[in-house]
Each structure stands twice: as C-alpha cells, then as structure tokens.
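Numbering (our numbering), first residue to last: 37 to 434. Glycine included, each C-beta is placed from N, C-alpha and C at the ideal position. Structure first, then comments.
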Amino acid sequence: MPEQRTAGSPGEVFKAFLMLGLTSFGGPIAHLGYFRSEFVERRRWLTERDYADLVALCQFLPGPASSQVGFALGLMRAGCRGAAAAWLAFTLPSAVLMTLFALGAARLDAPLGEGLLEGLKLAAVAVVAHAVLGMARTLCPDRRRSAIALAAVAVVTLVGGPLGQLAAILTGALGGMLLCRTSSASAPPIAIMPLSRRAGHAALAFALALFVGLPLLVWLEAAPWTRMLDAFYRAGALVFGGGHVALPLLESAVVQPGWVSQEAFLAGYGAAQAVPGPLFTFAAYLGAVIAPLDDPLLGAGVALGMIFLPGLLLLLAALPHWNRLRRLSGMQGSIRGANAAVVGILGAVLYQPLWTGTVQGSAEFLLVLTGFVLLGVWKAPAWLVVLILAAGGALLPA
Numbered sequence: 037m038p039e040q041r042t043a044g045s046p047g048e049v050f051k052a053f054l055m056l057g058l059t060s061f062g063g064p065i066a067h068l069g070y071f072r073s074e075f076v077e078r079r080r081w082l083t084e085r086d087y088a089d090l091v092a093l094c095q096f097l098p099g100p101a102s103s104q105v106g107f108a109l110g111l112m113r114a115g116c117r118g119a120a121a122a123w124l125a126f127t128l129p130s131a132v133l134m135t136l137f138a139l140g141a142a143r144l145d146a147p148l149g150e151g152l153l154e155g156l157k158l159a160a161v162a163v164v165a166h167a168v169l170g171m172a173r174t175l176c177p178d179r180r181r182s183a184i185a186l187a188a189v190a191v192v193t194l195v196g197g198p199l200g201q202l203a204a205i206l207t208g209a210l211g212g213m214l215l216c217r218t219s220s221a222s223a224p225p226i227a228i229m230p231l232s233r234r235a236g237h238a239a240l241a242f243a244l245a246l247f248v249g250l251p252l253l254v255w256l257e258a259a260p261w262t263r264m265l266d267a268f269y270r271a272g273a274l275v276f277g278g279g280h281v282a283l284p285l286l287e288s289a290v291v292q293p294g295w296v297s298q299e300a301f302l303a304g305y306g307a308a309q310a311v312p313g314p315l316f317t318f319a320a321y322l323g324a325v326i327a328p329l330d331d332p333l334l335g336a337g338v339a340l341g342m343i344f345l346p347g348l349l350l351l352l353a354a355l356p357h358w359n360r361l362r363r364l365s366g367m368q369g370s371i372r373g374a375n376a377a378v379v380g381i382l383g384a385v386l387y388q389p390l391w392t393g394t395v396q397g398s399a400e401f402l403l404v405l406t407g408f409v410l411l412g413v414w415k416a417p418a419w420l421v422v423l424i425l426a427a428g429g430a431l432l433p434a
C-alpha cells in the first residue's frame with residue numbers, strides 16, 4: 037500500500053513552483069536537483085525512492101523531463117488543479133521574459149543591437165556544445181550506445197529534415213532494444229500517483245488523436261494557425277532528452293518553411309539560456325515572432341501550450357502503468373538506444389546549422405571557446421555565460 041500523504045492546495049503548489057520558476061537556472065538536470073531539495077528534503081511531499089522513480093519515468097518519455105516531474109508533483113500534491121498550478125507557475129516567468137524579448141528583438145537593428153544578437157547566437161553554440169558533451173558522457177557511456185549515436189548522425193546526415201530525425205530515433209530505439217537490454221525485475225512496486233487507468237487511456241487517446249489529426253487538418257486546410265499548431269505539437273511529441281533536443285526539431289519546423297530567419301532563431305535560443313525555468317519556453321519566443329494573425333501574445337501562448345501538451349498527455353497516460361512498464365528490459369533498452377540517438381542528432385545539428393551558420397571568423401571562435409570553457413571547466417551558470425558572450429558580441433562591430 038502506498039503511504040498516506042497530506043493533501044495540499046493548488047495555491048500552495050503555485051507559490052512553491054513560482055519561486056522555483058523565478059530562480060531555477062541551469063537547465064533540466066539542475067531543475068531536478070532544485071525539485072529534490074525543495075520537495076523531498078525541505079517540504080517532504082514524497083520519499084527519496086518515489087522521487088527517483090518519478091524522475092526515471094519522465095526520462096523515459098518524450099517531452100521536457102523537469103516540467104513533467106513538476107507537473108506530476110503538483111498532481112500528487114493537489115490533484116489536477118495542482119498539476120496545472122505547478123506547470124503554470126514554473127513556466128510563466130521564463131515564458132513572459134522570452135515573449136518580451138521577441139517583442140523587443142525587432143528593434144535591435146543598430147550595430148550594437150546586431151552585435152548583441154550575434155553574441156546570443158554564439159552563446160547558443162557554446163551551450164549546445166556543452167550539452168552534447170555532457171549528454172554523451174551520460175547517455176553514451178559504452179561502445180554500443182556510442183555506435184548507436186554514430187548511426188544516428190549518419191541517418192540524420194543522409195536523410196535530413198524531420199524525417200531523418202524521426203528515423204534516427206526509431207533506429208536508436210530498435211538498436212537499444214537489441215543491444216542494451218538489462219533486467220530490472222527486482223524493482224519494488226510503488227504507487228506514486230492518484231490516477232486511474234481510464235484517465236490514462238483517455239490522455240493517450242487524445243495525444244494520438246492530435247498527433248494524427250493535426251497533419252490531416254493541415255492537409256485539408258493549410259491555414260497559418262493550423263500549420264503552427266501541428267509544427268509545435270509535433271516538435272514536443274518527438275523530443276527525447278530535454279529542451280536542447282528540441283533545437284533541431286524546432287529549426288526544421290519554423291526556419292526551413294521560412295517562418296523565422298536563422299538569425300532570429302539562434303538569437304532567441306541564446307536568450308533562452310539566460311532565463312530561469314524550462315528551455316521549452318523558447319517556443320513562446322518563436323510563437324510571438326511568427327504571430328500568424330499579427331497577435332504576438334496569442335502566438336506565444338499557442339506555441340507554448342502546444343509544445344508542452346504532448347509530453348504532459350503522455351505522462352498522464354503512462355503513470356497508471358508505470359509499475360509494470362518499469363520492469364520490462366526491452367522497454368528500458370529502447371529508451372537507452374533512443375537517448376543515445378538523441379546525442380547523435382544534437383551533435384549533427386551542432387555542426388549544421390549552428391557552427392557553420394554562426395562561427396565565421398577567429399573572433400567568433402574565441403567567444404564560443406570562452407563560453408564552452410566557462411561552462412565546462414569553471415562551472416559557470418548558463419545565464420552568466422550568455423550575458424558574457426552577448427557583451428562580447430556587442431563589441432564585435434567595433
């Protein structure tokens with residue numbers, strides 16, 4: 037039997053996560069550390085074992101792992117309203133900042149502003165390079181998973197576009213199922229969520245209906261709003277490994293069709309490193325820049341909601357079945373392989389278009405190298421590195 041926990045209120049959940057949304061810099065791994073300190077050690081909302089198991093589940097699923105963990109913590113504490121409060125409070129601060137940046141970025145047309153945007157793009161290169169290295173150490177620790185990552189690079193390079201990325205993830209999942217199986221039959225059963233199987237089935241059906249129905253809607257009526265809904269939902273549904281992995285998917289979704297320029301895309305991604313909270317709020321910036329009906333605020337809200345929606349629906353679908361799924365060695369092997377493939381995809385996008393489209397000379401190279409060393413050796417926070425490289429970029433025109 038699961039241990040009894042004191043029920044909380046949505047207001048309590050909102051206040052706790054709002055403070056984290058204002059102060060949680062450092063990316064998804066750092067966010068999970070903040071959550072553990074706040075909700076396991078200080079507030080004691082759940083046990084260490086339950087928290088570790090919840091994190092493992094969210095790492096298995098597509099979507100932003102830290103936001104999924106926060107959503108589940110809110111659900112456990114105060115039901116559906118608590119889940120909504122947790123997501124909104126943790127996401128809102130960075131979403132507002134990214135939307136404001138989108139509204140002000142168009143005014144940065146002077147040489148100083150252009151240099152600032154160049155510095156933000158260089159910061160994006162440094163942050164992604166650091167993320168690739170860190171993820172490779174964690175997700176490709178052996179020869180088999182390193183080979184899967186290399187195969188993913190080959191698939192993305194040869195096929196290209198969103199189809200190549202999807203093919204690489206599927207190839208990685210199949211390779212992991214065959215090569216990375218381990219036994220976890222001894223894992224003890226737990227019950228961490230008050231959610232019925234019927235609710236889980238409904239969430240899964242809704243997620244699949246959107247995944248299939250939105251492309252059909254685009255085919256029937258290629259209006260700007262329907263294409264935008266499909267693009268951001270599909271990007272959120274295919275992300276494994278955290279916010280950085282959304283970069284190639286979003287780049288394919290908004291840059292290749294010509295909705296957002298490569299320069300504006302990379303500048304926004306660089307700015308996203310300087311704000312707290314989930315990196316997925318980069319979608320709010322993109323939605324405000326696209327603004328199909330000349331309504332940036334509505335565009336930001338729609339893009340933000342659609343990119344988070346599939347990951348949260350899949351989490352709701354998986355929670356009632358987690359005790360059984362976590363024992364399947366084939367499932368765990370598939371996720372290991374998919375995560376290794378993600379490293380390969382991110383490595384490919386680091387080269388093209390990030391490096392080839394941004395680092396054009398020795399000054400740019402020096403700034404990227406400075407950011408990489410600050411992140412990897414000096415352990416500087418990402419927001420500080422972004423500010424330093426933005427200042428350096430502002431000096432480039434001189």
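Item, Value
"Rounded to the nearest angstrom, what separates Ile184 and Asp330 at their Cα positions?", "43 Å"
"Taking the alpha-carbon positions, what's the Ala223 to Val338 distance?", "Low local confidence applies: a pLDDT of 48 at Ala223 is under 50, so the model's placement there is unreliable, and no value is given."
"Let me check understanding here. Comparing Cα to Cα, which of Val311, Leu97 and Val413 lies closest to Leu349?", "Leu97"
"Using 8 Å as the threshold, is the region 421-431 in touch with the region 153-166, meaning 3 or more CB pairs across them?", "yes"
"Leaving out five residues before and five after Leu386 in sequence, what residues of the same chain have Cβ atoms less than 8 Å from its Cβ?", "Val161, Val164, Ala165 and Val168"
"Compare the Cα-Cα distances from Val296 to each of Ala320, Val325 and Pro312 and report the closest residue.", "Val325"
"Among the residues of its own chain, which have a CB less than 7 Å from the CB of Ala271, if the five just before and after it don't count?", "Ala282, Leu285, Leu286, Ala289 and Ile343"
"For chain B, check one thing: does any of its Cβ atoms lie closer than 8 Å to the Cβ of Ala324?", "Given the protein chain composition of this structure (a single chain), no chain B is represented."
"Three-state secondary structure (DSSP) at Ala78?", "Note that residue 78 is Arg in the sequence shown, not Ala. Arg78 falls in the helix class under three-state DSSP."
"Using a 10 Å radius around the Cβ and a threshold of 16 neighbouring Cβ atoms, would you call Ala221 buried or exposed?", "Note that Ala221 scores 46 on pLDDT, short of 50, meaning its location in the model is unreliable; the coordinates nonetheless yield the value given after this. Answer is exposed; the Cβ neighbour count stays below 16."
"Assign Gly392 to buried or exposed, taking buried as 16 or more other Cβ atoms, counted over all protein chains shown, within 10 Å of its Cβ.", "Looking at the sequence shown, residue 392 is not Gly but Thr. Classification for Thr392: exposed."
"Whose CA, out of Ala353, Arg233, Phe61 and Gly373, lies closest to the CA of Phe126?", "Phe61"
"Using the three-state DSSP reduction, which class does Val413 fall into: helix, strand or coil?", "coil"
"Using DSSP with H/G/I as helix, E/B as strand and the rest coil, what is Phe61?", "coil"
"Would you call the CB atoms of Ala36 and Ser370 closer than 8 Å?", "An answer regarding residue 36 cannot be provided, because it is not within the stretch 37 to 434 covered by the chain."
"Given that a residue counts as buried once 16 or more other Cβ atoms are within 10 Å of its Cβ, and exposed if not, what is Gln396?", "exposed"
"Consult DSSP for Gln298 and reduce its assignment to one of helix, strand or coil.", "helix"
"Which of the three DSSP states is assigned to Ala221 in this structure?", "Bear in mind that a pLDDT of 46 at Ala221, under 50, signals an unreliable position, so the model cannot answer this."
"Expressed to the nearest angstrom, what Euclidean distance is found between the alpha-carbon atoms of Leu364 and His357?", "12 Å"
"Does the beta-carbon distance from Gly99 to Leu315 come in below 8 Å?", "no"
"If you scan the region 146-200 from start to end, which runs of the beta strand (DSSP E) of 3 or more residues do you find wholly inside it?", "none"
"Run through DSSP, which three-state label would Cys216 get?", "coil"
"Quick one: Cα of Pro260 to Cα of Ala319, how far?", "16 Å"
"Please go through the same chain and pick out, in chain order, the residues whose beta-carbon is closer than 6 Å to the beta-carbon of Val379, but skip the five residues on each side of it.", "Met171, Ala172, Leu175, Cys176 and Ala185"
"Which same chain residues, not among the five before or five after Tyr70, have their C-beta less than 7 Å away from its C-beta?", "Leu56 and Ser60"
"CB-CB under 6 Å to Ala336, same chain, minus the five flanking residues each way: which ones, in chain order?", "Thr135, Ala320, Gly323 and Ala324"
"What is the DSSP secondary structure of Gly115, counted as helix, strand or coil?", "helix"
"Can you tell me whether Arg181 is buried or exposed? The criterion is at least 16 other CB atoms within 10 Å of its CB, across all chains shown.", "buried"
"Residue range of the alpha helix (DSSP H) that Pro260 falls in?", "Pro260 to Ala273"
"Following the continuous alpha helix (DSSP H) through Gly335, name the residue where it begins and the one where it ends.", "Pro332 to Ala354"
"With a cut-off of 8 Å on the beta carbons, I'd call Phe53 and Gly106 a contact; round off their distance for me.", "6 Å"
"Helix, strand or coil for Pro46 per DSSP?", "helix"
"Please state whether the Cβ-Cβ distance between Ser130 and Pro417 is less than 8 Å.", "no"
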